[in-house]
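Colleague: So in numbering that gives the first Met the number 0, spot 74 of the sequence shown is number 73, and the numbers just go up one at a time.
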Amino acid sequence: MPKITVLPHETLCPQGAVIENAPQGETVLDVLLDHDIEVDHACEKSCACTTCHVVIRKGFDSMEEPTELEEDLLDQAWGLEPESRLSCQAVVADEDLVVEIPKYTINHAREHG
Ligand code: FES
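1. Could you check what DSSP says for Thr-104 in three-state terms: helix, strand or coil?
2. Looking at C-beta atoms only, is the number of pairs between the stretch 59–69 and the stretch 88–99 that lie closer than 8 Å three or more?
3. Would you mind giving the Cβ-Cβ distance between Gly-52 and Leu-73, rounded to the nearest angstrom? I have them listed as a contact below 8 Å.
4. Kindly indicate which three-state DSSP category Ser-83 falls into: helix, strand or coil?
5. Could you name the residues, in chain order, whose CB is less than 7 Å away from a heavy atom belonging to ligand 2?
6. Round the Cβ separation of Ile-3 and Val-30 to the nearest angstrom and send it over; I've been treating them as touching at under 8 Å.
7. For Ala-76, count the other beta carbons within 10 Å of its own beta carbon; 16 or more makes it buried, fewer makes it exposed. Which is it?
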């Protein structure tokens, strides 16, 4: 089973984290939540917000392509990158992943400009 490395995030996981044996078929969001990394998920994982946005620094191509709906939402995410995904829609496949949680969600970005 793949390993997920989470890069340090100021508030959510200041030291970063390494999750061994991440279950294939689960979403990246669920795996992170299971390990007490409380990524926002304002729409309760229904692909209707962007607060669960992450950047997949490694292993992006191992996962199923995002749907058009996900792509449309990502366009509105703070700090969009070519390897951005909505973590509630990105399903762990058979390769190790390196995940970066962006500094802000769209909610914070509004506050901080
Ligand atoms: S939790 Fe809203 S899109 Fe993922």
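Where is the CB? At the ideal position from N, CA and C, for every residue including glycine.
Here the structure is a predicted model, which is why all the values come from computation and not from measurement.
Modeller: Taking the definition as stated:
1. Taking the sequence shown and counting its residues from 1, one reaches residue 104 at position 105. The answer is coil: DSSP assigns Thr-104 none of H, G, I, E or B.
2. yes
3. Position 53 of the sequence shown holds residue 52. Position 74 of the sequence shown holds residue 73. The identity of residue 52 in the sequence shown is His, whereas the question assumes Gly. Correct: roughly 7 Å between the Cβ atoms.
4. Walking along the sequence shown from the start, residue 83 turns up at place 84. The answer is strand: DSSP assigns Ser-83 an E or B state.
5. Looking for ligand 2 in the displayed structure turns up nothing; the ligands present are ligand 1.
6. Stepping through the sequence shown from its first residue, residue 3 is reached at position 4. Stepping through the sequence shown from its first residue, residue 30 is reached at position 31. About 6 Å separates the two Cβ atoms, so the contact holds.
7. Here residue 76 is taken as the residue at index 77 of the sequence shown, counted from 1. Buried is the call here.
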